[in-house]
Every structure is written in structure tokens, then in C-alpha cells.
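Report on one structure; see the data block that follows.
In our numbering, the protein residues as written are 55 to 208.
Below, the structure written as C-alpha cells:
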């Protein structure tokens, strides 16, 4: 019984310490660390986008379902996967693309290459805008609070 009491005391004290740390220091920083030296030429950090590309057009390269569920508000959807051809997708959003000088493409996370593929395709089509893939993808946007987790339907 003494061991159980001591264990309960340790858990209570550790929890109190953690809560005090949270209150004093705030929540942990969950931002995606972005080192330009470790990125490919076609990628860009979120900090760079917010500081230098404030009027960039956001493009979601994930599935249409994922985009509709938790896509960045105001973003458009273009992907290289799925049944709709890239040509048809570009035609559907051509006015928005033509009016943009810069575009940031995002997909699921660090290991997602869909955004890089969309950037390559935009360059192949010769669209007159600078396009980059967001390093960290949708996870970087969520960590920065730009995308909120969807609320379950009731």
C-alpha cells in the first residue's frame, strides 16, 4: 500500500509541475523546423511565404476530399492524382492562376511529393507565375494555426 501511495504522490507532483510549466512557458512550439539549406530548390518555408509572399495563391495538391475537409480557406485544388486530367483542372482555375504572380502548393507533409509534382507541371505548362512547394505541407499550416482541425459532424 505504501508503494501505491508514493506512486500516486509522484504522479500528482509531476502533473502539477507540468501544469505550472505549461502556464508559465505556454504550450510547446509545434512549428515545422525549416532549414533552407536542406530543402530542394522548388520548396519554400512557411516563414518565407508569410514574410515575402503575402499575396500568394494557395494550391492544395491533396485529394479533393482532403481539400474539402480541411483545405486552407481561399485555396484552389489542383493535383496530379485522380481521374480529372491536369489540363482540365488548370482550365477550371485558369482565371485565378492567370491573376497570380506567385503560388504556394501544399500536400500532406514532409514526405509528400504531390506538391513538388504540381509545381513541376505548372512550370512545364509555362504559366507566368513563380510556384514553390510548401516545406512541411498541410502539417506546417496546421502547426502555424492557419488550418484548424475539422470538427466532427454531429
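Even for Gly, the Cβ is constructed at its ideal location relative to N, Cα and C.
Only a predicted model underlies this, so the values are computations on that prediction, with no experimental measurement involved.
### Message
Using C-beta distances below 7 Å, list every residue in its chain close to residue 181, excluding the 5 sequence neighbours before and after it, in chain order.
### Response
Cβ neighbours of residue 181 beyond the five flanking positions: 151.
#### Entry: Own chain residues within Cβ distance below 8 Å of residue 207, not counting five before or after
Confidence is the limiting factor: at residue 207 the pLDDT is only 49, short of 50, which leaves the residue's position unreliable, though a coordinate-based value still follows. Around residue 207: no qualifying Cβ.
### Task
Count the CB pairs spanning the segment 100 to 112 and the segment 157 to 167 that are closer than 8 Å, and state whether there are at least three.
yes
### Message
Taking 7 Å as the cut-off, is the C-beta of residue 134 nearer than that to any heavy atom in the ligand FAD?
### Response
Although the ligand FAD was asked about, the structure shown includes no ligands whatsoever.
### Query
Going along the chain, which residues of its own chain have a beta-carbon closer than 6 Å to the beta-carbon of residue 58, five neighbours each way excluded?
Excluding positions up to five away in sequence, the list is empty.
### Task
Could you check what DSSP says for residue 121 in three-state terms: helix, strand or coil?
helix
### Task
For residue 134, I'd like the list of residues in its chain whose CB is within less than 8 Å of its CB, leaving aside the five on either flank, ordered along the chain.
115, 140, 168, 171, 172 and 175
### Pairwise C-alpha distance: residue 99 and residue 187
Residue 187 and residue 99 have their C-alpha atoms roughly 9 Å apart.
### Task
Would you check if the distance between the CB atom of residue 189 and the CB atom of residue 97 is smaller than 8 Å?
yes
### Query
By the 10 Å Cβ neighbour count, where 16 or more other Cβ atoms means buried, how is residue 62 classified, buried or exposed?
In this structure residue 62 is exposed. Its beta-carbon is surrounded by fewer than 16 other beta-carbon atoms within 10 angstroms.
### Query
Does the beta-carbon of residue 78 have 16 or more other beta-carbons within 10 angstroms, so that it is buried, or is it exposed?
It counts as exposed.
### Secondary structure of residue 195, DSSP reduced to three states
Looking at residue 195 - three-state DSSP - the assignment turns out to be helix.
### Task
May I ask which residues mark the beginning and end of the alpha helix (DSSP H) holding residue 185?
From DSSP, residue 185 is part of no alpha helix (DSSP H) but of the beta strand (DSSP E) over 184 to 188.
### Message
Under 8 Å, Cβ to Cβ, is there at least one residue of chain D near residue 152?
### Response
No chain D appears in the structure shown, which is made up of a single protein chain.
### Query
residue 192 to residue 64, Cα distance in whole Å?
39 Å
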